[in-house]
Amino acid sequence: MDDLIWASATELAEALKEHEVSAVEIAEALIARADEVDPKIHAYLERTDDRARRDARASDARRAAGEAHSAFDGVPLAYKDIFVTRGVTTTCGSKILEGFVPPYDATVVARCEGAGLPMLGKLNMDEFAMGSSTENSAFGATRNPWDLDAVPGGSSGGSVAAVAAGAAPWAWGTDTGGSIRQPASLCGLVGMKPTYGLVSRYGMIAFASSLDQAGPITRTVEDAAALLNLAAGGDEMDSTCLKEPVPNYLEGIDGGIDGMRIGVVTEFQGEGSQPGVRARVDESLRRLEKLGAQLEEVSMPSFEHGISAYYLIAPAECSSNLARYDGVRYGRRAAGADDIVSMTSRTRAEGFGREVKRRIMLGTYALSAGYYDAYYGKAQKVRTLITRDFERAYERVDLIVTPTSPTTAFKLGERTDDPLAMYLSDVFTVPVNLAGNAAISVPCGLSPDDGLPVGLQIIARSLDEKTMFRAAYAFEQDLGFDERPQL
Ligand code: GLN
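Going by the working numbering, the sequence shown opens with residue -11, and the numbers climb by one from there.
Following this line, the structure appears as structure tokens:
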């Protein structure tokens, strides 16, 4: 097999099965590629080269003995640095966790390790997953492989940059309000947010617990289904994890979309999106029609209030979740304080970045006595209205499509002084988290405006990932997007 860098994970698995390549050769090729490109993009916070080599050797030995743990045994993987990894530094992009070495593995990590996937390393992200550009990382921004002056999106920016640059075949990200789908869209990749509760959150550092979900970042739809297969399903360590049996997401993925009803949101007929994004998305709708889908307009009047509700609910939950970083239990502790109060407040003042502090303050305010009903309570009501909008739409359609992001990748620094402009990146993605549904972003071409990738978001009702994958696969196969960044 000649192209170990650009092969999909499924192709690598196939080549391993046919003994055309060894896991060690794959790991070495990816390590060499990371040496070459990571200095330009800064996707990795921590590379675990030696461990990847060791894991790969063990995998080759298992395969030689006919004891491969899964079809993907030996196909390497990298993780957003929000997943705790036993013995491997995990910072969540924050100075407050600098040097923190967790004593256990997140369930996602444990399941992938169990399937024999060598670990390439930990990927950069916005601090505590708060952001849409990866510029909020305490350890420096990641750059977009398509344009080194542009952001890769966020908060899973390191994950997408590594996969888009050929420095990992696939990666795990997390999505609280769009952090898998938006960066995948900005880097020309597939990014998928499963139904809330489908993948265990155990060992995934909490941002907003009622919204957080882990999901795959891949080059193909098939790989996304395959990676989800490896980790989805019940976990007694996460009480919000669904107990129902999970299907095989690859089964029937090529079933086509003839006769499927696909909804287009009346309230989002393009205003607010860049012309180039609009052009590609309109073209995609015609493609879906050509493939046999029936397009239908669905009205979702509450959709547009998603951002306002999200930016109260997510900060409220984060202000509570981040209370645990007190200088006692994890990571950093400020030096020189003489009592516990000043130690805690100094640790937090030094350890958290601006955006995290802003969110903690917003959330604390929204939850405080006298304001709770007006802000947090009202946001929860809006959340219910959004969920109902989706339910009503699903009475008429099987799936809903929107752009993933209103714009292509923006320049580094362009939105850092304007948090509101940054928050608006999430307009199409946050409603899905609020409702808990599944969604995927698939590349739908390059924007005629700037030559950068555009993503199409396909949203499905909760636990209807299979229908979503089927549509995404049909679309992907018909489009045949095979552009790659020149880097
Ligand atoms: N961009 C959104 C935020 O800043 C979403 C982040 C995420 O999904 N983790 O909160």
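For glycine and all other residues, C-beta sits at the position ideal for the given N, C-alpha and C.
Extent of the continuous beta strand (DSSP E) to which residue i belongs
{"i": "PRO441", "result": "441 to 448"}
{"i": "GLN262", "result": "Unbroken run through GLN262: none, as it is neither H nor E."}
{"i": "THR95", "result": "That residue, THR95, is in no beta strand (DSSP E); its alpha helix (DSSP H) goes 95 to 102."}
{"i": "VAL430", "result": "426 to 434"}
{"i": "GLN368", "result": "Here GLN368 belongs to no beta strand (DSSP E); instead the alpha helix (DSSP H) covers 366 to 382."}
{"i": "GLN201", "result": "201 to 206"}
{"i": "GLU285", "result": "282 to 286"}
{"i": "VAL178", "result": "178 to 181"}
{"i": "THR162", "result": "159 to 163"}
{"i": "TYR363", "result": "Careful: TYR363 lies outside any beta strand (DSSP E) and carries neither H nor E."}
{"i": "MET107", "result": "107 to 111"}
{"i": "ILE193", "result": "Per DSSP, ILE193 belongs to no beta strand (DSSP E) and is neither H nor E."}
{"i": "ARG249", "result": "249 to 253"}
Residue i, enclosing alpha helix (DSSP H) - first and last residue
{"i": "GLU343", "result": "342 to 355"}
{"i": "ALA297", "result": "294 to 309"}
{"i": "ARG41", "result": "37 to 52"}
{"i": "GLY81", "result": "From DSSP, GLY81 is part of no alpha helix (DSSP H); its letter is neither H nor E."}
{"i": "PRO391", "result": "No alpha helix (DSSP H) contains PRO391, which is instead part of the beta strand (DSSP E) from 387 to 391."}
{"i": "VAL329", "result": "328 to 339"}
{"i": "VAL148", "result": "145 to 152"}
{"i": "LEU65", "result": "That residue, LEU65, is in no alpha helix (DSSP H); its beta strand (DSSP E) goes 65 to 68."}
{"i": "VAL420", "result": "418 to 423"}
{"i": "GLU453", "result": "453 to 467"}
{"i": "LEU18", "result": "11 to 29"}
{"i": "ARG169", "result": "169 to 174"}
{"i": "MET410", "result": "407 to 411"}
Residue i to residue j span [Cα, whole Å]
{"i": "ARG50", "j": "HIS7", "result": "13 Å"}
{"i": "GLY484", "j": "VAL139", "result": "Outside the shown range of the chain, which is -11 to 475, sits residue 484, and nothing can be said about it."}
{"i": "GLY104", "j": "PRO441", "result": "32 Å"}
{"i": "GLY191", "j": "LYS278", "result": "43 Å"}
{"i": "ALA219", "j": "ALA213", "result": "10 Å"}
{"i": "SER121", "j": "ALA337", "result": "23 Å"}
{"i": "PHE398", "j": "ASP326", "result": "45 Å"}
{"i": "ILE447", "j": "ALA423", "result": "11 Å"}
{"i": "THR183", "j": "PRO233", "result": "14 Å"}
{"i": "THR162", "j": "ARG274", "result": "31 Å"}
{"i": "VAL370", "j": "ALA297", "result": "6 Å"}
{"i": "ILE295", "j": "VAL9", "result": "47 Å"}
{"i": "ALA354", "j": "ASP361", "result": "9 Å"}
{"i": "LEU4", "j": "ILE428", "result": "28 Å"}
{"i": "GLU255", "j": "GLU292", "result": "8 Å"}
{"i": "ALA196", "j": "ASP242", "result": "35 Å"}
{"i": "PRO204", "j": "SER173", "result": "13 Å"}
{"i": "ALA17", "j": "ASP37", "result": "11 Å"}
{"i": "THR164", "j": "GLY142", "result": "11 Å"}
{"i": "ARG42", "j": "ALA20", "result": "16 Å"}
{"i": "PRO407", "j": "CYS306", "result": "17 Å"}
{"i": "TYR461", "j": "PRO303", "result": "35 Å"}
{"i": "VAL329", "j": "ASN124", "result": "27 Å"}
{"i": "ASP23", "j": "ALA150", "result": "12 Å"}
{"i": "MET225", "j": "GLN474", "result": "43 Å"}
{"i": "MET410", "j": "ASP135", "result": "19 Å"}
{"i": "HIS57", "j": "VAL63", "result": "11 Å"}
Nearest-angstrom Cβ-Cβ length linking residue i and residue j, presumed shorter than 8 Å
{"i": "PRO106", "j": "ALA11", "result": "7 Å"}
{"i": "TYR237", "j": "LEU300", "result": "With a Cβ gap of about 33 Å, TYR237 and LEU300 do not count as contacting."}
{"i": "LEU216", "j": "GLY185", "result": "Not a contact, Cβ separation roughly 13 Å."}
{"i": "LEU177", "j": "VAL148", "result": "6 Å"}
{"i": "ALA489", "j": "ALA156", "result": "Because the chain here runs from -11 to 475, residue 489 falls outside it and cannot be looked at."}
{"i": "MET113", "j": "GLU343", "result": "Not a contact, Cβ separation roughly 12 Å."}
{"i": "THR79", "j": "ASP69", "result": "6 Å"}
{"i": "GLY339", "j": "SER82", "result": "7 Å"}
{"i": "ALA59", "j": "ALA1", "result": "5 Å"}
{"i": "VAL487", "j": "GLY154", "result": "With the chain represented from -11 up to 475, any question about residue 487 goes unanswered, as that position is not in the structure."}
{"i": "ARG376", "j": "VAL286", "result": "So it is not a contact: roughly 13 Å between Cβ atoms."}
{"i": "LEU276", "j": "PHE463", "result": "6 Å"}
{"i": "ALA152", "j": "LEU400", "result": "Not quite, the Cβ-Cβ distance comes to about 16 Å (not below 8 Å), so this is no contact."}
{"i": "LEU444", "j": "SER272", "result": "5 Å"}
{"i": "ASN425", "j": "ARG449", "result": "6 Å"}
{"i": "SER508", "j": "ASP211", "result": "Shown here, the chain extends from -11 to 475; a query on residue 508 therefore has no answer."}
{"i": "TRP158", "j": "THR206", "result": "5 Å"}
Looking at C-beta atoms only, is the number of pairs between the stretch 373 to 385 and the stretch 304 to 311 that lie closer than 8 Å three or more?
Not touching, per the Cβ criterion.
If we count Cβ pairs, one from each stretch, closer than 8 Å, do we get three or more for the stretch 22 to 33 versus the stretch 83 to 102?
No, they do not touch.
Examine the Cβ distances between the stretch 455 to 469 and the stretch 393 to 406 and report whether three or more of them are shorter than 8 Å.
No, the stretch 455 to 469 does not touch the stretch 393 to 406.
Touching by the beta-carbon criterion (3+ pairs, under 8 Å), the stretch 105 to 121 and the stretch 351 to 367
Contact between the stretch 105 to 121 and the stretch 351 to 367 is absent, because fewer than three Cβ pairs lie under 8 Å.
With three or more C-beta pairs closer than 8 Å as the rule, is the stretch 159 to 175 touching the stretch 410 to 417?
Taking 8 Å as the limit for Cβ pairs, the verdict is that the stretch 159 to 175 does touch the stretch 410 to 417.
Examine the Cβ distances between the stretch 424 to 438 and the stretch 315 to 333 and report whether three or more of them are shorter than 8 Å.
No: fewer than three Cβ pairs fall under 8 Å.
Counting pairs of beta carbons, one from the stretch 38 to 53 and one from the stretch 269 to 285, are three or more of them closer than 8 Å?
Verdict: no, contact absent.
Are the stretch 244 to 253 and the stretch 349 to 364 touching, with three or more C-beta to C-beta distances below 8 Å?
Segments in contact, no.
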